[in-house]
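S.K.: Its first residue numbered 99, the sequence shown is counted upward by one per residue in the numbering used here. Sharing a structure with you now.
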Amino acid sequence: MFSRIPAPAVTGEIVPNGVQFRPTFPVATTQVAAAGERRRRAVKIRDFFTTDTCVLSFEVFPPVRDGTIARLVPVIDRLAGLNPHFISVTYGAGGGTRDMSVEIASLLKKKASVEVLAHLTCVGSGRDQIDEILREFRSEGVQNILALRGDPPAGETSFTRPADGFGHACELVDFIRSYGWFCVGVAGYPEGHQEAESFEADVDHLKRKVDAGSDFVITQLFYRNEDFYRFRDAAGRAGVDVPIVPGIFPVINYRQINKIASLCGATIPGELREQIEPVRDNDDEVARRGIDYAVRQTEDLLRHGVPGLHFYSMNRSGPVEEILNNVSVPGRKTA
C-alpha cells in the first residue's frame with residue numbers, strides 16, 4: 099500500500115469464521131519447502147504480462163510492532179501456497195525496517211521461491227544510499243523494484259527532497275533503470291494522488307514515470323471500480339502503454355473504514371457503508387461482508403479484462419484465500 103495505514107499486530111491468522119491459526123516458530127513449512135522446488139530462476143515481472151494469464155500478486159510488510167520476521171513466516175507460507183506470480187514487500191526508510199525488507203525479500207526468493215517485488219522510496223536516502231540498497235537487492239537475486247516517492251516521515255506533513263536524493267518517483271525510476279538489470283514498477287492513483295493539483299495532472303505525472311522507464315503500474319486501493327476504469331482510460335489516452343494492475347484491499351474490520359478514507363484518499367461508497375454499518379461491532383460479520391464486497395469487486399474487474407490483481411494482505415492470508423476461493427482467476431493454478 100502506498101499510504102500509511104496503521105499495521106495490525108500479527109498474532110496469528112484470523113480467518114472469516116473467527117478461527118485463529120496459531121503457528122509454531124521457528125518454521126520452514128511444507129508448502130514453503132515444496133515451493134522451493136517450483137521456481138528458482140529470477141523472472142522480470144513485466145514478462146508475466148506477455149500471456150493471457152491474469153497476473154496474481156500480494157503485498158506484505160515488515161512487522162513493525164514486535165520486529166520479528168518469524169511471525170510473518172506462516173503468512174508467507176500460506177500466501178505462497180496460493181500460487182501468486184509475485185509478492186511485494188513494502189519498504190521502511192528507517193534502518194531496522196529497511197533491513198527487514200531486504201531479509202523478507204530474500205526469504206521469499208530463497209525459501210518460498212516466489213518472485214519478489216521490493217518497494218523502494220526516495221524518503222531519507224541520497225543516491226549513495228539508494229545505490230547500496232539496490233546492490234543489496236541484486237545480491238539477493240531481487241530484480242523487480244516498485245519505485246515510489248514515499249510518504250513524509252512520521253511527524254512531518256510534507257515531503258522533503260533528501261540531500262543528493264530524489265524528489266519524484268520518475269527520478270528514482272530513471273536512476274534504477276540506469277543499472278540495466280532491474281524491472282521497475284510504479285504506483286497509480288485511481289482517484290488521483292492527494293497532493294496532485296488535479297486528476298489530470300496526476301495522470302500526466304504517471305506518464306512521466308512510464309516515460310522514465312517503468313514497466314507496469316500497480317494502483318492504490320479503491321472501492322468504486324468506475325474510478326479505476328476512468329483512471330485506466332485516462333492513462334491510455336495520455337499514452338501510458340504498460341499494464342495497469344488494480345490494487346484490492348478487503349475491508350475486514352470497521353475501524354479500517356475511516357482510516358482508509360483519511361489516509362489514502364479512497365472514497366468509501368455508500369453501498370459498502372450500508373453493508374458494514376449495521377454490524378460495525380461484530381468483527382466476524384464485518385469481515386464476511388467486506389470479503390463478499392471484494393469478491394464482487396474482483397469479479398467485475400475480471401470481466402473488464404484487467405491484466406492482473408494485486409491484493410493488500412495486511413499480513414493476513416485468510417481474507418485473500420477466501421476471495422480467491424470464490425472467484426475464477428484466468429490461468430491461476432490452484433495446486
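The beta-carbon is built from N, C-alpha and C at its ideal position, and this holds for glycine as well.
(1) Let me know if Pro376 comes out buried or exposed under the rule of 16 or more other beta-carbons within 10 Å of its beta-carbon.
(2) Please name the residue, chosen from Ser155, Val141, Tyr277, Ala140, that lies closest to Leu422 on a Cα-to-Cα basis.
(3) Does the distance from the CB of Ser223 to the CB of Gly263 come in under 7 Å?
(4) Can you have a look at Ala359 and say buried or exposed, based on whether 16 or more other CB atoms are within 10 angstroms of its CB?
(5) If you drop the 5 nearest sequence neighbours on each side, which residues of the same chain put their C-beta closer than 8 Å to that of Thr365?
(6) Taking 6 Å as the limit between beta carbons, can you name the residues of its chain near Phe329, skipping five residues before and five after?
(7) Name the residue from Arg306, Asp145, Ser276, Glu397 whose alpha carbon lies nearest to the alpha carbon of Arg225.
(8) Which residue marks the beginning of the alpha helix (DSSP H) containing Phe235, and which one marks its end?
(9) Does DSSP put Ser155 in a helix, a strand or coil?
(10) From what residue to what residue does the alpha helix (DSSP H) around Cys268 run?
(11) For Thr317, does the three-state DSSP call read helix, strand or coil?
(12) Determine the DSSP secondary structure at Gly417, reduced to helix, strand or coil.
(13) Between Ala73 and Asp150, what straight-line distance do the alpha-carbon atoms span, to the nearest angstrom?
(14) Compare the C-alpha of Glu383 against each of Leu270, Asn351, Tyr410 and name the closest.
(15) Compare the Cα-Cα distances from Leu205 to each of Cys220, Gly248, Thr219, Val173 and report the closest residue.
(16) CB Val158 to CB Val187, shorter than 7 Å?
(17) Based on Cα-Cα distance, which residue from Val214, Arg401, Gly278, Phe314 lies nearest to Val338?
(18) Between the Cα of Arg247 and the Cα atoms of Pro348, Ala267, Gly416, Asp229, which residue gives the shortest distance?
(19) DSSP puts Ala245 in a beta bridge; with which residues?
M.R.: Short version:
(1) exposed
(2) Ser155
(3) In this structure, the beta-carbon distance from Ser223 to Gly263 falls below 7 Å.
(4) exposed
(5) Glu289, Phe320, Tyr321, Arg322, Asp325, Ala359
(6) Pro288
(7) Ser276
(8) 225-237
(9) strand
(10) Segment 267-275, the alpha helix (DSSP H) holding Cys268.
(11) When DSSP states are grouped into helix, strand and coil, Thr317 belongs to the strand group.
(12) For the sequence presented, residue 417 should be read as Pro rather than Gly. Helix.
(13) The structure shown does not extend to residue 73, since the chain is modelled only from 99 through 433, so no value can be given for it.
(14) Asn351
(15) Val173
(16) yes
(17) Phe314
(18) Ala267
(19) In the DSSP assignment, the residues bridged to Ala245 are Leu218, Val284.
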